[in-house]
Structures are given as structure tokens and as C-alpha cells.
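The listed protein sequences derive, respectively, from chains A and B.
Under the numbering used here, the first residue of the first sequence carries the number 622, and numbering increases by one thereafter.
Under the numbering used here, the first residue of the second sequence carries the number 76, and numbering increases by one thereafter.
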Amino acid sequence: MRRWTASLLFALCALALWGARAEAPAQDEVRIDLSTDTQKRIGLVLESLTAAGDRTAARVLSVQADPILANDLAGSGLFDVAKAWENTGSLPADAQAVVGGKLTVSGGTLVLTGEINDFPARRLIARTDYRGPVTDLRRLVHRFADEVALHLTGEAGVAQTRIAYVQKGTRSSELHVVDIDGFGPRPLTAFKSPLTSPAWTPSGQEVVFSALRGAAWNLYAVPLNGGAARQASHGGTLNIAPAVAPDGAIAYVSNKDGNSEIYVANADGGGPRRLTVNRGIDTSPAWSPTGQRIAFTSDRGGSAQVYVMDRDGGNARRLVSGFSYTDSPAWSPKGDKIAFVIRTGGGFDVYTANADGSNPRAIATGGQNENPHWSPDGRLLVFSSNRGGGRGLYISDLRGTIVRRIEVPGTVANPAWSPRPAAAR
Amino acid sequence: MIRSSRFALICMPLLALALLSGCAKKKVIAEAAPPPAPEAPAAPAPAPPPSASEEPVKTLQDKLTDVFYDYDSAQLSSAAQATLDADAKLLSDNANEQVTIEGHCDERGTVEYNLALGDRRAQSAKDYLVRFGISASRVQTISYGEERPFATGSDESAWSQNRRAHFVVR
Chain A
622 MRRWTASLLF ALCALALWGA RAEAPAQDEV RIDLSTDTQK RIGLVLESLT
672 AAGDRTAARV LSVQADPILA NDLAGSGLFD VAKAWENTGS LPADAQAVVG
722 GKLTVSGGTL VLTGEINDFP ARRLIARTDY RGPVTDLRRL VHRFADEVAL
772 HLTGEAGVAQ TRIAYVQKGT RSSELHVVDI DGFGPRPLTA FKSPLTSPAW
822 TPSGQEVVFS ALRGAAWNLY AVPLNGGAAR QASHGGTLNI APAVAPDGAI
872 AYVSNKDGNS EIYVANADGG GPRRLTVNRG IDTSPAWSPT GQRIAFTSDR
922 GGSAQVYVMD RDGGNARRLV SGFSYTDSPA WSPKGDKIAF VIRTGGGFDV
972 YTANADGSNP RAIATGGQNE NPHWSPDGRL LVFSSNRGGG RGLYISDLRG
1022 TIVRRIEVPG TVANPAWSPR PAAAR
Chain B
76 MIRSSRFALI CMPLLALALL SGCAKKKVIA EAAPPPAPEA PAAPAPAPPP
126 SASEEPVKTL QDKLTDVFYD YDSAQLSSAA QATLDADAKL LSDNANEQVT
176 IEGHCDERGT VEYNLALGDR RAQSAKDYLV RFGISASRVQ TISYGEERPF
226 ATGSDESAWS QNRRAHFVVR
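Given below as C-alpha cells:
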């Protein structure tokens, strides 16, 4: 059994490598998906981190670190986590690995030694030291959590990522950002105006969004680490719904030539080229991960529907049939799926389908579930919803299980998932 | 009628004459633009309580009437066209005034779709006025999508009030 598990891990890693190599032809951009929506969760035993070095200081940090790590692993949607410190009796028999380690503090420096062993034999799978100032505790724990996912599933997790979102007021809204586990929400703007649709740049260093200032909606880009927002669109009164391609090009919607059409501009917002030409509404562009195609919403056929077109605007075709209204497309980072919303009698449901439109599946139903966005590993979706009262941000796995509600204050909408930090890619 | 309007305009600062003008124009609006739907009343800012002897002066802002739309539509109903006929007349009578038409939507649908729909609504109202003879340069449009609802609530009575083209005199 254990040997079988080890060979399975090897096979998964081999698949991951093969999947990465298979990216090049990308005719229809389908890559290997390690995270099928039917994959079972992996049982994990999580042990409390032990303290070493300055043991008093280390113990204080381990009390903080244990729930952060537990939250990361459970929130990944990949694991069933049994906390050893809460399970004094028998540990789950079907667990496949045990995760733990130690924290060593000396001076202001912290070393998290993360250990992954198989279970129940407890043979070492991986042991890694994560080093930093003691103030970096959360980041070091997130790095370890992501590598647990790497070693056990073949692909790193997303514990080091963030969500940009809009906090809505009655007259105006502001752009905010929060760690994926709900830690440290903070505003990125003080626009005091209507504001929507954050989109991350590929570096994760900036967020592009749309705001109404003066007599027009324009795109703005704001740096994550402080600094003023710069305007990134010109002309017309409606410039909205930015989406940033892997090469930095910005797809967005503008009415500068009459009615709402989709354009692609350079990363600085210059040189916009028009992609759509029709009298209907064209909006909500979303890039495929290679930047060769764009999903978008149009009512050219009578009702709002998701379409897919080439980067130059050619070959537009409807994504799915059988729904009276589909909108808000988001292309998965592996290219194999597109998430979108459908209108129901009383609200909106989040769905996924294969990128060719086949196999539509409900992910989040009941009430208003809107604006789905993929995690960078393609295994989770964040969306806004009024489930549970108020409008909040939720994360679901691809089976439709809610793995997390991001606890941030206020009425919030328009979540956008950051890329992984550069060091973790 | 045009002559009396101009006369009224010239004399607008004079309270006594403005009173007359207000009455005359109000009547015209009532004839030309019946309310679009019973559940969607035009909702200008509430007037101050009338005093015993005089009515408040009605500005162009007060007189321009908003236009209402069906769900997920920017089409002008016959009621909306009648409203715009009256609005166009007011604008041609006040040739120095410039307006912004705000397009608004109910809360259903995505922010991005509703911003495009609100843009189309404002544009449909502007196009109608321009066909009527109003100079396009006098009329700006801006979409608010679902960002600035007139009525709160998640039912048809609120939604129908929020699907509108709203006039703002600049």
C-alpha cells in the first residue's frame, strides 16, 4: 500500500512534468488536469509544531502557527485534516501522511523545519527549512503548506496568494486586498467613487480596476505596495472590465467608438485595438491562460451569453447552450475549463464547463452567486454570494464544496485571485 | 407656447411670474408624459412643503422627467418615448442648458454587464433626443450600472425604479 502510494506520487509528478511540457502546442489549450473534480481528499494527520532554540519564544510562535497551518491545509480543499492535538484518541486509519515539524528561534530569526512523513509508517517524504525574521511567521507557514500540497498532490497549493475585492458603500466603493486566509484586509484606494472589477497583473505587483471619476469610467492600475493609481485608458465615457493577459496586454470594454465593445491595449493602456464589432453589448473579457483566446459576454444573439473568440477577435462562438442567460466567464489557469454564472429564476448560480462548452456542472447554487475567479492552481473558485446573509466572499472546490468564507468586513463583491508570489512559482 | 416659455425664462428670477410659468409648464408635462408605469413613479427630489401663497420655482432639473426600462432592455417603450418628447421640448426651450443622462440598472446581473446596459440606456435616450433635434453636444451620457440605485430593496417595485435614464442639468 505504501509503495503503491509512493509510486502514485511519482506518477503524479511525472504527469505534472509531462503536462508542463505538453503546453507548447496548445491548439485548444487543454493541459493535464491533476485536480479532477472527483478526486478524493487526502487524509492528513497534523501535529503541533515543536519548539527549539529559544523555546519560550518558539512555543509562543507555535501556538500561533498551528491553526494557521491547519487552516491553510483544510482551506486548500485537498486534505481532510485531523489535528493531532485535538484527536487524543485514535488517529484516522485512512490518513496517508503526517505533517508537523519544529520552530527554532534564535535572536530575531525563525526557522520552520517542516516535515512530511507517510502514515502510519512515518517514513520521511520531505523535510525543508523555511527561514526568516520572526515577523514572517505567517509567510513561512504558508510556504510550508504549499509544499505539503506539492509533495502529496504533485502541485503546490495557494496559501501564499491574496484576493483583491471591492468593498461597496452606498455612494462609493474602494478596492481592498486580503490574504487568502482572511488575514490583513487593507484598502488599496481612497477614490470615494464607484469602482469595480479588479484584475491582477501577471507579476502580482499591481491591480487594474475601473472607476468613475469626473465624467467617465476609466481603467486605473494601483501598485500593491503603496503608491498612487495611474490612469490606463483614455477616450469615451465607459472603460471597464479589465483583464490582464500573461504578456501584460489589457483586454477591456470601451464605448469610445459608440457602444460597448472589447479592445486589447498594451500593458500601459496605449494602442487599443478593437476586437468586436456589433450593435449589442460586449463585455467581461477573460483571457485563456496562454493569452491566445478570450471568453466574453455578449447579447448579440438576443440574451446575454458567454462566447469565446481568438485574440484578434475572430472565430467567436457561444460557449454553452441550454441556458437563457450566461455571463461572467473566467478561464481556468490550465485552460481546460471555463467558469461562468447562469441566471436562475431568483438569482445566479456559478457553473463550470470544459473549455469547449461540454459538461456544464453547477458549483454554487441558491441566491446570488457571482463573479467566479480561479485559484492559480485551478483547483478552487472564489466568488461573491449573499448566502449566509450579507454579501461575502466564498471559496469552493470543483465538487461544489465550500471550503472557506473569507471573513472581511462590509458588503463585498468582485473578488479576483492573485497569482502566486514570484518566489513560489 | 414657445413664446410664453421664453418669457417665463427671462422672468425666472421674478417670483410672481415664475409662479405663472411653473403652472403653465407643469400642465404641459402632465399632458405629454403620463407616468410610465404605476410602480415606477418619476421621483424628483421631494418639493419643500408649499406655503399658503406661493409655489416653489421649478427649474429645468425639476421638470425633466426620467425614462424607465424593462428588465435587461434599453428599448424605449411608448411611454418612455412620450416622456422623451416632453423632455426634448423642454431642452429646445432651454437651449443654453446642457444635460447629462445617467443610465441606471437594477441589481440583477453582473457589474460589468450592467455598466454596459446602463450605457446603452443612456445612449438610447440621447439618440432619441438627437433625432428630435437636440444638439448631441448638449447631451452627455454616463453609466452608473447598478452602483447608485434609486430604491433599495430586492423586489420588482425597487428594481423597476432603478432601471432608468436619469437627467442631470449640468
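In this text, a Cβ means the ideal position worked out from N, Cα and C, and glycines have one as well.
Counting only residues of its own chain and dropping the five nearest sequence neighbours on each side, A:Arg982 has a CB closer than 6 Å to the CB of Thr973. The Cβ neighbour count for A:Asn936, taken over all protein chains shown within 10 Å, is under 16; the residue is labelled exposed. Sequence-distant partners of A:Pro863 (beyond 5 residues in either direction) whose C-beta falls short of 6 Å from its own C-beta, in its chain, are Ala820, Val829, Leu840, Ile871, Tyr873. Spatial neighbours of A:Thr749 in its own chain (CB-CB distance under 8 Å, excluding positions within 5 residues in sequence) are listed in chain order as Thr734, Gly735, Phe765, Glu768. Within the same chain, and ignoring the five residues on either side of A:Gln926 in sequence, the residues whose Cβ sits closer than 6 Å to its Cβ are Arg939, Thr947. Taking the C-beta atoms as reference points, A:Ser949 is found no nearer than 8 Å to A:Glu882.
Per DSSP, A:Leu840 is one residue of the beta strand (DSSP E) stretching across 837-844. A:Leu771 and A:Ser875 have their C-alpha atoms spaced approximately 41 Å apart. Under the Cβ criterion (8 Å, minimum of three pairs), the stretch 169-181 of chain B counts as touching the stretch 135-154 of chain B. Secondary structure of A:Val681 (DSSP, three-state): helix. Taking the Cα of A:Ala672 as reference, the smallest distance to any Cα among A:Leu682, A:Ser945, A:Gly664, A:Ile663 is reached at A:Leu682. The CB of A:Thr904 comes closer than 7 Å to the CB of Glu187, Tyr188, Ala191 in chain B, given here in chain order. Within chain B, the C-beta atoms nearer than 8 Å to that of A:Glu991 come from Thr185, in chain order. In this structure B:Tyr146 is exposed. Its beta-carbon is surrounded by fewer than 16 other beta-carbon atoms within 10 angstroms. With the criterion set as a beta carbon lying under 8 Å from some beta carbon of chain A, the members of the stretch 143-169 of chain B are Asp147, in sequence order.
Around the beta carbon of B:Arg239, 16 or more other beta carbons lie within 10 angstroms, which makes this residue buried.
The beta carbons of A:Leu699 and A:Asp687 sit about 19 Å from each other, so the pair does not count as a contact at 8 Å. Residue burial is scored here from C-beta neighbours: A:Trp706 has fewer than 16 other C-beta atoms within 10 angstroms and is therefore classed as exposed. Contacts with chain B at 8 Å (Cβ-Cβ) include A:Leu859. Among the CB atoms of chain B, none fall inside 8 Å of the CB of A:Thr973. Under the 10 Å beta carbon count, A:Gly847 is surrounded by fewer than 16 other beta carbons and is classified as exposed. From the beta-carbon of A:Asp948, the residues of chain B found nearer than 9 Å are Gly184, Thr185, Glu187, Tyr188.
Taken through DSSP and simplified to helix, strand or coil, A:His772 comes out as helix. Shown here for A:Val1029: same chain residues with a beta carbon closer than 6 Å to its own, the five before and five after excluded, namely Val799, Pro806 in chain order.
Bridge pairing for B:Ser153: absent [DSSP].
Using a Cβ distance threshold of 8 Å, A:Ala703 and A:Leu758 do not count as a contacting pair. Nearest to A:Ile746 by alpha-carbon distance, out of A:Leu724, A:Thr774, A:Ala1044, A:Arg752, is A:Thr774.
In the three-state reduction of the DSSP assignment, A:His763 falls in the helix class. When CB distances to chain A are screened at a threshold of 9 Å, the residues of the stretch 208-222 of chain B falling below it are Gln215, Thr216, Ile217, Ser218, Tyr219, Gly220, Glu222, in chain order.
In this structure A:Ala1034 touches A:Arg1012 by the C-beta definition: roughly 6 Å separates them, less than 8 Å. Under the three-state reduction of DSSP output, A:Ile959 falls in the strand class. For A:Asn899, no CB of chain B lies under 8 Å from its own CB, so it is not counted at the interface with that chain. Within a 10 Å sphere around the beta-carbon of B:Arg195 sit 16 or more other beta-carbons, which makes this residue buried. Within the same chain, Cβ atoms closer than 8 Å to the Cβ of B:Ala211 are found at Lys201, Val205, the five residues on either side in sequence being excluded. By the neighbour-count criterion, in which a residue is buried when 16 or more other Cβ atoms sit within 10 angstroms of its Cβ, A:Asn899 is exposed.
Residue environment: B:Gln236 is assigned as buried (16 or more neighbouring CB atoms within 10 Å of its CB, all protein chains considered).
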